[in-house]
Each structure stands twice: as C-alpha cells, then as structure tokens.
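Here's the structure we're looking at; comments come further down.
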Amino acid sequence: MIKKRPPQSFSLIVPFIAILCIASLSSCKTVTQEQVETKADSNSKGNELLGEWIQYRNGQFQIKTISAGKEVNEFYSEFGDLRGRRTMDIAIESSKDTGSDNKRVLIGPKASWDYLAGGKKPEGLKWTSLSFDPKKNNWKTGKAGFGYADDDDETVLDDMINKYTSVYIRKEFEITKSTDLSRLALAINYDDGFVLYLNGRYVFSINVANEEGKLAVGNHEANGIEYFILAPFADALIEGTNVIAIEGHNAKLDSSDFTLDPQLIVGGGYTNFVKSNINTKNYDLAGNLTEENKIDGKQEGGYMITDGILRQSQAPKDGTVSAPSGAFHKADEPGQQLLIAARNGNTSKITSLLKSGVSVDFTTPGSYTALAYAAARGHLKAASLLLKNGADINKQARWDKSPLLLVAGTKNLKSAQFLLDKGADLNAVQFWKATCLHEAVFWNQPETLKYFISKGLSPNTVADNGSSPLHWAIWRTNKEKEESIKQATVLINILLKSGVDKSLKTKDGKTAADLAKDKGLEKIATLIKP
Numbered sequence: 012m013i014k015k016r017p018p019q020s021f022s023l024i025v026p027f028i029a030i031l032c033i034a035s036l037s038s039c040k041t042v043t044q045e046q047v048e049t050k051a052d053s054n055s056k057g058n059e060l061l062g063e064w065i066q067y068r069n070g071q072f073q074i075k076t077i078s079a080g081k082e083v084n085e086f087y088s089e090f091g092d093l094r095g096r097r098t099m100d101i102a103i104e105s106s107k108d109t110g111s112d113n114k115r116v117l118i119g120p121k122a123s124w125d126y127l128a129g130g131k132k133p134e135g136l137k138w139t140s141l142s143f144d145p146k147k148n149n150w151k152t153g154k155a156g157f158g159y160a161d162d163d164d165e166t167v168l169d170d171m172i173n174k175y176t177s178v179y180i181r182k183e184f185e186i187t188k189s190t191d192l193s194r195l196a197l198a199i200n201y202d203d204g205f206v207l208y209l210n211g212r213y214v215f216s217i218n219v220a221n222e223e224g225k226l227a228v229g230n231h232e233a234n235g236i237e238y239f240i241l242a243p244f245a246d247a248l249i250e251g252t253n254v255i256a257i258e259g260h261n262a263k264l265d266s267s268d269f270t271l272d273p274q275l276i277v278g279g280g281y282t283n284f285v286k287s288n289i290n291t292k293n294y295d296l297a298g299n300l301t302e303e304n305k306i307d308g309k310q311e312g313g314y315m316i317t318d319g320i321l322r323q324s325q326a327p328k329d330g331t332v333s334a335p336s337g338a339f340h341k342a343d344e345p346g347q348q349l350l351i352a353a354r355n356g357n358t359s360k361i362t363s364l365l366k367s368g369v370s371v372d373f374t375t376p377g378s379y380t381a382l383a384y385a386a387a388r389g390h391l392k393a394a395s396l397l398l399k400n401g402a403d404i405n406k407q408a409r410w411d412k413s414p415l416l417l418v419a420g421t422k423n424l425k426s427a428q429f430l431l432d433k434g435a436d437l438n439a440v441q442f443w444k445a446t447c448l449h450e451a452v453f454w455n456q457p458e459t460l461k462y463f464i465s466k467g468l469s470p471n472t473v474a475d476n477g478s479s480p481l482h483w484a485i486w487r488t489n490k491e492k493e494e495s496i497k498q499a500t501v502l503i504n505i506l507l508k509s510g511v512d513k514s515l516k517t518k519d520g521k522t523a524a525d526l527a528k529d530k531g532l533e534k535i536a537t538l539i540k541p
C-alpha cells in the first residue's frame, strides 16, 4: 500500500480532503450481501468485463456493476455507508483480442531508463527527441520506478524530499510494421503528476497545469497502475526507433513520497465504451435522497483488463486528462467477499470463507481488515468470530489505522469497548501519528470523543505535525456553514473541559486560535485564545 504523508503544516493535511469533499453523500444505507455476491450475467461467459467489481480508494470503496447495456456505480464511505449512486447506459465496442492475455509489452516493468534528477532541469525540449544524447549530457541510468519512501522503488531518489520536485526520464523503444498502434496505451503508477512526450511532441499532462509560466501540480496518490490511451497520438510515432519522455512532478517539496513508474503496452484486454444517460443520486446522513441529477452528453473511453484487474481510461481530447479510476478487483474474489461479509455482519459467510482458507487478516490496497469493518459497523458477533479465528486486533491497514482507530470515527461505543476489552491498544496512532481523539474530532463524534477521554487518552497528544485534537476541530470547520460551526463548538467545549492546552502549536508555529483567525472564525478564536 502506498501512502502519502501530509506536509508539516496542519493547514495542509490534504489526504483527508478527498474524504470530506463527498461527505454530503454520506448515508446510513449499507451494501447488502446480495448486491455483491451476484454472479456475472449468465450470457457473459467469456466476456471479462461484465460482472461486479470493487475498488478501494482513500479509505472509501466503490462497487461497479457492468451488464449488457448498463453500468451502475455505488459509492460507500469507509464505514460502509452508501454515499451516492450513478447509473448510465453503456455501449461497448470490443476489439478482436479483448482477452487480457493478448498484450504486447514495448517497455516493461523495471526497464532501464535515462533520467535527470537532483534538482537539475534540461534546457528546452530537445531532451524529449531522438536527437538528444543522454550520455553526453551526463544523465544517469536507472530502472523504473523512480521515487522514494514507498518501499517499492527500483531507483530510489532519497535526496528528493525538501530539495526538488521534478524528475525527467526518457527511453527509446522500437515500433515494428505489425504493431497495432490503435491499441497503444501508457500504463503508469504515479504520484503526483506527469507530462508525456513522444518523439519530441507534447502529448498530454496529468495533474499538471502551466499557470502563468509556473507549474501547478495537484495531489494524486499512487494507487497502482493506471492506463492512458495513446492511439490518438499514433501519428507521432514511426516504424523503427522512437523515444518516450516523461516529466514527473511532486506536488510539494516536503511531500512524503514520490512515484514515477511507466510501462508502454499494446493490447491487454482494452475495450472501448461510450457512456450516456448518466444519472446521479446523493444521500444525506439520514439516508434520504437529497439530490438527483442527469449529466448531459456522452463519455468516451475504455476499460483495460490486465491480470484480472479492471481499470478505466479516457481518451485525451484537449491535452489535459483527469486522472482515471483506480484498480477494480472482481467482487467475488474470496478475500473481497470476506471484507464484504464482515461489513454486513454475515457470520455464516465469514465462517465459510475462513474454512476455505481465506486469511482472517486479508486486506487489499485501500481497505481495512475484516475485523475493523465488522467493529465499525457494530457487528460484534462477526467481530468476535473473526477474533476467535485469529484476527489481529491491532493490525494496521489503510492509513495505518487499527480497528480501534477506525471505530473512533463512528458512534459505536460498544464496539470501542469490545475492542478494548479484547486487548486493543488504546494509544494506537495512525500514519500521521494521530490518536483516537483526533479521529473522533475529524469525524464529528462528540460522544466518542468523550468516551476516549474518559478512558485516559490525553487531549494534548499531538500528531506528527504538532496538531492537537483542538487544531483538528478548527481545521474541519466551515465558516460558511452554521451547522459546521455548531458542531465544532461542541467538540471544542468537550476538549476545553478535558484540559486541552490551548497554547499548543503546530510545527509551523500555529495555535488552534491562530488557525481559527486564519479561517475567519473570530468567535471561536476568542473562545480558545491561550
């Protein structure tokens, strides 16, 4: 699992933004066992695309169901609550070799690339063309992927953090007369953005924009290989020797990691699609339908299936492409079924899966453990069953959260007590060294906050950027929404009564009152002034 640490400034704890931005879709509805255990359409034999797929991203998960002419996407919180539903018509155009085994690799994994790092920048764009000689220009040679702090890098750039944000790589490759360029694709794992060139020609940029002569790089977590169609740019290639060049960019100097790991392939189960008649539904916290929209127009792109994993890509139109979806796995895979059964409290299914040999502590990139899901949903019988079968009560998964840390973001006090009684570590911290108190504040759980304080957790424990739960209460507050201010005030008063130190400062020297002033929360700033 690849994770991103926020910069050492409380105001920039960016990984959580993706969670908050769809909080309005949160719902009390849960995914049912029937929804995810349905087998692929009986008429889809031989078609790898049809069926149910699941992916985890930023702790949340999505279930995609593709059938003849229809696609349904359901979006769930990390606790298993339905946040939104999107339905659409889909027209699929399969090529003659849609099977995932029909893939030709032009540039494979761990291939040798020429690269320039260390804060140096090549002059102009000659480095992207065949006329450039990397050896004469003192470029180094290294294997893909390039990066640091992910424990999976082949060429480790351990001098990059706090020193430079860009890396330049290039590699020559061969195109033969028989190469089917209509099925050419870039397969790449990246963090945070990149710019692509073919034979000196700018192709497109991903998560990188040129604003007034300066690069603006957005945050994007490496989440496994993603695919980008290169067929529209086939005219940039020639029979014989070609060169691909990539600028890799990190969003910030102090980003905790960086990844640039490209491959170039032809084929591999790519299927074109056209989506239309797209309808979305959003739900509030009570599970009520709050918004229903229809999206005009059509969406063109394709699905790539490689090694049993489904990924979506869109053909670039204007030179800048939004990041495509992450990796989807078949929802009927045994490990996925265990996580689903745990979220639903299905003890008979859990028993069956464990007897079949599924690991009780199974996780997939982006997910938590079955025990964490069962406890977060309040399914204590399922949680007890998992523990009896050897589940690790303190096993860390997504964001390094243990089951107790996940439960801290819910109202399930019985689950918290259950885990503590079974030996859960009260002082567990997640990736950013935040405690159960930070989690309770972040997820606006005042009763859970009081509970963990009563168990002895100090409100003055700080995360690795120096932020206390009081800082987090300010950070999550939206000054434009009265309800958000009311929620923050409740949390703040609980912390004040528990003896929180108002003078605590983040590593960039900010007290919680300073943050409140910065956000225009004058009344709250006065309340918590040291």
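Quick note on the working numbering: the sequence shown kicks off at 12 and runs consecutively.
All C-beta atoms, glycine included, are put in the ideal place defined by N, C-alpha and C.
Going by C-alpha positions, alanine 524 is about 7 angstroms away from threonine 537. Note on glycine 531: under 16 other CB atoms within 10 angstroms of its CB, so exposed under the neighbour-count rule. The beta-carbon distance between alanine 353 and alanine 393, rounded to whole angstroms, is 6 angstroms. This is short enough to meet the 8 angstroms contact definition. For serine 363, the enclosing alpha helix (DSSP H) begins and ends at 358-366. Going by DSSP, threonine 270 is part of the beta strand (DSSP E) stretching over 269-278. Non-local C-beta neighbours of valine 167 in its own chain, meaning closer than 8 angstroms and more than five positions away in sequence, comprise Gly158, Tyr159, ordered along the chain.
By a beta-carbon distance limit of 8 angstroms, alanine 445 does not contact leucine 415. Their separation comes to about 13 angstroms. Burial state of lysine 75 is buried, judged by a 10 Å Cβ sphere holding 16 or more other Cβ atoms. In the three-state scheme derived from DSSP, where H, G and I count as helix and E and B as strand, leucine 437 is classed as coil. Judged by their CB atoms, asparagine 400 and leucine 350 are not nearer to each other than the 9 angstroms cut-off. Membership of aspartate 529 in the alpha helix (DSSP H) is indicated by the continuous run 523-529. Under a 10 Å Cβ-count criterion, leucine 396 is classified as buried, with 16 or more other Cβ atoms of the shown protein chains found around its own Cβ. Excluding residues up to 5 positions away in sequence, Ala155 lie with their Cβ nearer than 6 angstroms to the Cβ of alanine 122 in the same chain. A direct Cα-Cα distance of roughly 42 angstroms separates glutamine 407 from tyrosine 213. DSSP, read as helix, strand or coil, puts lysine 497 in helix.
Ranked by how close their Cα comes to the Cα of lysine 466, the residues Arg487, Trp483, Phe442, Leu430 have Leu430 in first place. Around the beta carbon of threonine 152, fewer than 16 other beta carbons sit within 10 angstroms, so the residue counts as exposed. In the DSSP annotation of this structure, the continuous segment of the alpha helix (DSSP H) that includes glutamine 347 starts and ends at 345-355. In the displayed model, aspartate 92 falls within a strand according to three-state DSSP.
In this structure the region 497-513 lies against the region 476-487, because at least three pairs of beta carbons, one per stretch, are closer than 8 angstroms. Below 8 angstroms, too few C-beta pairs join the region 337-345 and the region 243-261 to call them touching: fewer than three.
Secondary structure of glutamate 491 (DSSP, three-state): coil. Distance from the CA of phenylalanine 373 to the CA of threonine 358, rounded to the nearest whole angstrom, comes to 16 angstroms.
DSSP places leucine 207 within a strand segment (E or B) once states are collapsed to three. Our two residues, glutamate 237 and alanine 198, have alpha carbons roughly 6 angstroms apart in a direct line.
In this structure the region 200-213 lies against the region 140-148, because at least three pairs of beta carbons, one per stretch, are closer than 8 angstroms. Rounded to whole angstroms, the Cβ separation of leucine 417 and alanine 383 is 5 angstroms, and the two are in contact under 8 angstroms. Taken in chain order, the complete alpha helix (DSSP H) segments of 4 residues or longer contained in the region 366-452 are 381-387, 391-399, 414-418, 424-432. Note on geometry: alpha-carbon atoms of lysine 131 and valine 452 lie some 43 angstroms from one another.
Under the 10 Å beta carbon count, serine 514 is surrounded by fewer than 16 other beta carbons and is classified as exposed. Shown here, lysine 121 sits in coil according to DSSP, grouped into three states, outside any helix or strand.
Residue nearest to glutamine 441 within the set Asp529, Ala474, Asp307 is Ala474 (criterion: CA-CA distance). The shortest C-alpha to C-alpha distance from leucine 398 to any of Glu311, Val371, Thr421, Ala387 is the one to Val371. When only Cα atoms are considered, isoleucine 77 and asparagine 288 end up about 15 angstroms apart.
Straight across, the Cα-Cα distance linking serine 193 with glutamate 59 is about 21 angstroms.
Shown here for asparagine 283: same chain residues with a beta carbon closer than 7 angstroms to its own, the five before and five after excluded, namely Glu104, Gly313 in chain order.
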